[in-house]
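> In the UniProt record's numbering, the protein residues as written are 1 to 1211.
Got a structure for you, written out below as structure tokens; questions coming shortly.
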């Protein structure tokens, strides 16, 4: 077993926190590029939306048509739009195709296909170029992002290195001054100690001589006392003892004989009493057994009578069922059940037949209706054909009249055409106006819909934060701290955040949820909890363990488990009991002290298991964290191998050493209440702190707060003047930490309450009735008010949009009607056209008459076929109806047969049930009769046994009475010791006691003298030890003095050199610009140069990274410019392709129509030879609306795909 200690100094060590700025440089090129990319993305999305709208939205076709027509009527403007693209074979091919499609040139289908292939090839090449350039732009963007990230990282590293080197140089000065001050103090302390030790050595030697004199006197007294004891002889009480033993023997023999006779009489009397009781008991049992026998005989007779009755009832039941046995009854039941099943099956089959016949009749009716419908349809067709003949005749008459009056027809056509064109233009303007109004209204609806959606999403998100969170059990100290936060058991500026920060190694807001719903620390601990516990480094970064790494909240053996926390409270309770018994206040528990004790004790337990050494975490913290020279600034007691109470007892046991030291140095002991004050005012006691420190820590009256922990074999307790501690960043005074303080009972009750209630999932919703929920509800109410207002505005906007939509629909319909009227007007009448119209009307009349003739013939055929089919179907229907009637008649008979069979089955089941009941009664009666006979036999056997037992008891009682009389006679013969024997024994005892008293008196005197001699020996040894101790202290201080005198000049010179350096130049300028002064110490000169060179290397790396960003930015600008060019070219090529494909389809359709016309009588061949012209003088006539819309639609689709691709790669 081993236990160690570390005490805390009187003065707290505090320091201000120095914030290292996080330097992050965003290169201007990257910032500017981000703006460019955003603008380009917005333009791309706008173009894409417009093109896709043209492709997908019918209402957008009208504006597109207007644009196309305007482009067709302003050839110069169109040429200006395309002048940036030099004419290519494909653009010439497009012009050629459009000219041919408009009827202004003639070509074969093979020529048209060849021209289309040229345009398709250029479109494919443009698409491939656009894709390649998009990838190049994305690669450039990623390169810029990587360069910018590296530049930021390099800048941050350079800034951090600057602060680190500045701090390092200042620390050099601090260390040098501290070393010089320490050596100077060491010299002063050693000189003072030597003066004081010289006086102590003289006093110690005088004390040793006086202790030797006292020892000699004590030895003389011991020798005299031993001689007086030896004079009594080897056995001074032998004669008195022999006389006493003889008298005692006689008395003992007489008393023994009397006692033996009395015991024998008592035993005989007891035996007689027992036997008499057993006889009476047996007689009572016999009487009861005889009563039982009579009852059993009666019961057996009754059981036999019941059996006879049951047999008679069973025989009668067989007769009633008209069977000889149960087996026969079972066969009858099965036969009857089969008859019922067969009858039910016949009923079900007949019902199914009826249902099938009904369905067949319905199908026949449907077929009859279908035949009648055919006749009706043929009649409608004939009537329509007759109407068409009348219409065609009227059209022929109109054509003949127009042919007779050509001039009048032309004037009427011109007037009507002018009015219709004016109507169309007016309608188009109205559509454009209403479309613009609708677009504006729709945009307002979209904006408000997005606003309401955003508000609803915020409301839904806030609602999701309120609810019934999952309830987790409180299993560790982390759970307990979270429960305290949730239930309001925290106070102060930061509440429990510092305790959680220290326990987890991070702050509360950075905790992450684990798979079990409990918090776990994130991958990168916060700096303030990052207290190093080893020297593992990777370049400039510490990659080893920190103190929170040795605490595992999921381990039941860890100090943080609730079971071990409750054990730790036993430590505090035991320590407080010692304090209160000494008249001191008990220490109060704080959450922060508990956390510190958990962390330090866990580390000590790990160190004990790993290195077999029990050590304080503060010793390691001070080693690897220069600004934490006193660890976390708390005192600590440790013990290994004890129970919690045993650890406190072990610490308190040092009181024995403390009292021994007080006797030596003060000449007296002190109470527990005075222990700390005595220790703090007595240097001799302070020198033995390693032996008595645990005891002193427990009784320090200045301590007010504590925490404790149990981890493995290690128990620990920490102490502090206030609820404050230090970490790697700063000293956290009491005002920063949780302000609550607890007694042991209060803290235990709080833990038990937390365990009983459980903790809400910290990452789940907040409870409905919590303050956090109320705050969320208020925010939801505000958002709902905003949402209601936005919904009202949205409804109004939607109504407006609906009104505009209706207006646009009406205007569009009006436009279509005007356009259709203009189209229906046809070409301007000419003699040829009127003759053609007359010829066409004549053809249509002949065709209508032929169709009317065919419809009449078809009606006749359909009517005859239908009449025959309906007659056949009606005959078939009658046969099915007869079969249905027969089946329905048979169904009633079958149902009655099934009913009769069921009645027979019910009767058979009733007889069978009665038979089974009386059979069961018969078997039960037989069983009862057999049991009654067995019980009767057992009762008879019991009576016989008890009769024999009573006879034997009577014989035993007679023998016992004889034995009692004999023992009474023997007792009278042995009355015990006589008066003379008792008097002789008393006289012998008196003589023996006197001899023993004399011997004891001399022995005590000898022992007292021996004790005095032993104390004198111990005092002499202690005095000699003091002399040796003082002599050793003198040698130690002489060595310390020599070391201080030897090292002090160099240390003072080193500190002076560092002061001189900073007097010439401050640390920041040295690191940034290099040292410009002079220094005599080469080591200091090297340290200054090394600090500057290290920072410069980081700065150069940052500048190189920044230059790399500029290069990457230039590359991205170039790539984006090229991408914009290729995208524009692709859109134009796809538009050209769409127009070319439409022209090709129209040419193909025209050629196919011409081929058909050439085969009609009077037809004229239209094939001719195409004469090519130049690009600039190609005609610009024809309807380009469809071409423009189709081209825009395809270009929009491609832009949509490309846009989605670019955005996805750029995200």
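For glycine and all other residues, C-beta sits at the position ideal for the given N, C-alpha and C.
(1) Can you tell me where the alpha helix (DSSP H) holding residue 1003 begins and where it ends?
(2) Give me the Cα-Cα distance between residue 340 and residue 905, rounded to the nearest whole angstrom.
(3) So what's residue 759 in DSSP terms, helix, strand or just coil?
(4) Could you tell me the boundaries of the alpha helix (DSSP H) in which residue 348 lies?
(5) Taking Cβ to Cβ, would you say residue 1243 is nearer than 9 Å to residue 361?
(6) Are the C-beta of residue 912 and some C-beta of chain B separated by less than 9 Å?
(7) Just to confirm the assignment, what range does the alpha helix (DSSP H) spanning residue 514 have?
(8) Based on DSSP bridge pairs, tell me the residues matched to residue 589.
(9) Candidates 92, 104, 292, 261: which alpha carbon is nearest residue 941's?
(10) So for residue 768, helix, strand or coil by DSSP?
(11) Run through the DSSP bridge pairs and tell me what residue 804 is partnered with.
(12) Exposed or buried, which one is residue 720 when buried takes at least 16 other CB atoms within 10 Å?
(13) So if DSSP puts residue 472 in a beta bridge, which residue, or which two residues, is it bridged to?
(14) Over what stretch of residues does the alpha helix (DSSP H) that includes residue 199 continue unbroken?
(15) Please say whether residue 154 and residue 1102 have beta carbons closer to each other than 9 Å?
(16) Would you mind working out which of 1132, 827, 886 sits nearest residue 126, comparing C-alpha positions?
(17) What do you reckon, are the CB atoms on residue 186 and residue 1050 nearer than 9 Å?
(18) Taking 9 Å as the cut-off, decide whether the C-beta atoms of residue 343 and residue 903 are in contact.
(19) Taking 9 Å as the threshold (C-beta atoms), are residue 136 and residue 1119 in contact?
(20) Using a threshold of 9 Å, state whether the C-beta atoms of residue 970 and residue 265 are closer than that.
(21) Helix, strand or coil for residue 546, going by three-state DSSP, please let me know.
(22) Decide if the stretch 942-950 is in contact with the stretch 269-287; the criterion is three or more beta carbon pairs, one per stretch, under 8 Å apart.
(23) Taking 8 Å as the cut-off, is the C-beta of residue 392 nearer than that to any heavy atom in the ligand FMN?
(24) Return the Cβ separation of residue 699 and residue 676 in integer angstroms, given the expectation that the two are a contact with Cβ distance under 8 Å.
(25) I'd like to know whether the C-beta atoms of residue 1138 and residue 852 end up nearer to each other than 9 Å.
(26) Would you tell me roughly how many angstroms separate the C-alpha atoms of residue 780 and residue 447, rounded to the nearest one?
(27) Whose C-beta lies closer than 6 Å to the C-beta of residue 169 among residues of the same chain, with five residues either side of it excluded?
(28) From 1086, 1065, 613, pick the residue whose C-alpha is nearest to that of residue 1076; which is it?
(29) Straight-line CA distance for residue 961 to residue 278?
(30) Quick one: what's residue 459 bridged to in DSSP?
(31) Could you give the DSSP three-state label for residue 730: helix, strand or coil?
(32) With DSSP as the reference, label residue 236 as helix, strand or coil.
(33) Please state the DSSP three-state secondary structure of residue 466.
(34) Between residue 760 and residue 596, what straight-line distance do the alpha-carbon atoms span, to the nearest angstrom?
(35) Where does the unbroken alpha helix (DSSP H) through residue 699 begin, and where does it stop?
(36) Going residue by residue through the stretch 932-975, where are the continuous beta strand (DSSP E) segments of at least 3 residues, counting only ones entirely within it?
In brief:
(1) For the purposes of this step, residue 1003 is identified with residue 1003 of the chain shown, where counting begins at 1. That run of the alpha helix (DSSP H) goes 979-1064.
(2) The sequence position of residue 340 within the chain shown is 340, counting from 1. The sequence position of residue 905 within the chain shown is 905, counting from 1. Their backbone Cα atoms lie some 7 Å apart in a straight line.
(3) For the purposes of this step, residue 759 is taken as residue 759 along the chain shown, with counting starting at 1. Of the three classes helix, strand and coil, the one that applies to residue 759 here is strand, per DSSP.
(4) Numbered from 1 along the chain shown, position 348 holds the residue referred to as residue 348. Residues 326-404.
(5) This structure does not reach residue 1243, given that the chain is present from 1 up to 1211, and the question cannot be answered.
(6) No chain B appears in this structure, which consists of one protein chain only.
(7) Translated into positions along the chain shown, residue 514 becomes position 514. Residue 514 -> no alpha helix (DSSP H), and no H or E assigned at all.
(8) Locating residue 589 in the chain shown gives position 589, where the first residue counts as 1. Under DSSP, residue 589 forms a beta bridge with 706, 742.
(9) Here residue 941 corresponds to residue number 941 of the chain shown, with the count starting at 1. For residue 941, the closest of 92, 104, 292, 261 by C-alpha to C-alpha distance is 292.
(10) Mapped onto the chain shown, residue 768 falls at position 768. Residue 768 falls in the coil class under three-state DSSP.
(11) On the chain shown, residue 804 is found 804 positions in, with the first residue counted as 1. Paired residues: none, contrary to the question.
(12) As a first step, residue 720 must be located in the chain shown, where it is residue number 720. By the Cβ-count criterion, residue 720 is buried, with 16 or more other Cβ atoms from all chains shown falling within 10 Å of its own Cβ.
(13) Against the chain shown, residue 472 aligns to sequence position 472. In the DSSP output, where bridge partners are listed per residue, residue 472 has 759.
(14) Taking the first residue of the chain shown as position 1, residue 199 is located at position 199. Note, residue 199: alpha helix (DSSP H), 109-230.
(15) Along the chain shown, read from residue 1 onward, the residue named residue 1102 stands at position 1102. Along the chain shown, read from residue 1 onward, the residue named residue 154 stands at position 154. In contact: residue 1102 and residue 154 (Cβ atoms closer than 9 Å).
(16) Walking along the chain shown from the start, residue 126 turns up at place 126. Nearest Cα to residue 126 within the set 1132, 827, 886: 1132.
(17) For the purposes of this step, residue 186 is taken as the residue at position 186 of the chain shown. For the purposes of this step, residue 1050 is taken as the residue at position 1050 of the chain shown. Taking 9 Å as the Cβ cut-off, residue 186 and residue 1050 do not qualify as a contacting pair.
(18) Translated into positions along the chain shown, residue 343 becomes position 343. Translated into positions along the chain shown, residue 903 becomes position 903. No, Cβ-Cβ distance for residue 343 and residue 903 is not below 9 Å.
(19) The residue given as residue 1119 occupies position 1119 in the chain shown. The residue given as residue 136 occupies position 136 in the chain shown. Result yes, Cβ atoms of residue 1119 and residue 136 sit closer than 9 Å.
(20) Residue mapping note: residue 970 aligns to position 970 of the chain shown, counting from 1. Residue mapping note: residue 265 aligns to position 265 of the chain shown, counting from 1. A contact, by the Cβ cut-off of 9 Å.
(21) Position 546 of the chain shown, counted from the start, is the residue given in the question as residue 546. Three-state DSSP puts residue 546 in a strand.
(22) yes
(23) Although the ligand FMN was asked about, the structure shown includes no ligands whatsoever.
(24) For the purposes of this step, residue 699 is taken as residue 699 along the chain shown, with counting starting at 1. For the purposes of this step, residue 676 is taken as residue 676 along the chain shown, with counting starting at 1. About 5 Å; that satisfies the 8 Å criterion.
(25) As a position in the chain shown, residue 1138 is number 1138, starting the count at 1. As a position in the chain shown, residue 852 is number 852, starting the count at 1. No, Cβ-Cβ distance for residue 1138 and residue 852 is not below 9 Å.
(26) Position 780 of the chain shown, counting from 1, holds the residue named residue 780. Position 447 of the chain shown, counting from 1, holds the residue named residue 447. Cα to Cα, residue 780 sits roughly 22 Å from residue 447.
(27) Working through the chain shown from its first residue, we reach residue 169 at position 169. Once the five neighbours on either side are set aside, the close Cβ partners of residue 169 are 1067, 1091.
(28) Within the chain shown, numbered from 1, the residue matching residue 1076 stands at position 1076. With distances taken between Cα atoms, residue 1076 lies closest to 1065.
(29) The residue given as residue 961 occupies position 961 in the chain shown. The residue given as residue 278 occupies position 278 in the chain shown. Cα to Cα, residue 961 sits roughly 15 Å from residue 278.
(30) As a working note, residue 459 is residue 459 in the chain shown. Residue 459 pairs with nothing; no bridge assigned.
(31) For the purposes of this step, residue 730 is taken as residue 730 along the chain shown, with counting starting at 1. Residue state, collapsed to three classes: coil.
(32) Your numbering for residue 236 matches position 236 in the chain shown. Note: residue 236 maps to coil in three-state DSSP.
(33) Working through the chain shown from its first residue, we reach residue 466 at position 466. Correct three-state label for residue 466: strand.
(34) The residue labelled residue 760 in the question sits at position 760 within the chain shown. The residue labelled residue 596 in the question sits at position 596 within the chain shown. One C-alpha to the other measures close to 25 Å.
(35) Here residue 699 refers to the residue found at position 699 of the chain shown. That residue, residue 699, is in no alpha helix (DSSP H); it is neither H nor E in DSSP.
(36) Runs of beta strand (DSSP E) with 3 or more residues, each lying fully within the stretch 932-975, are absent.
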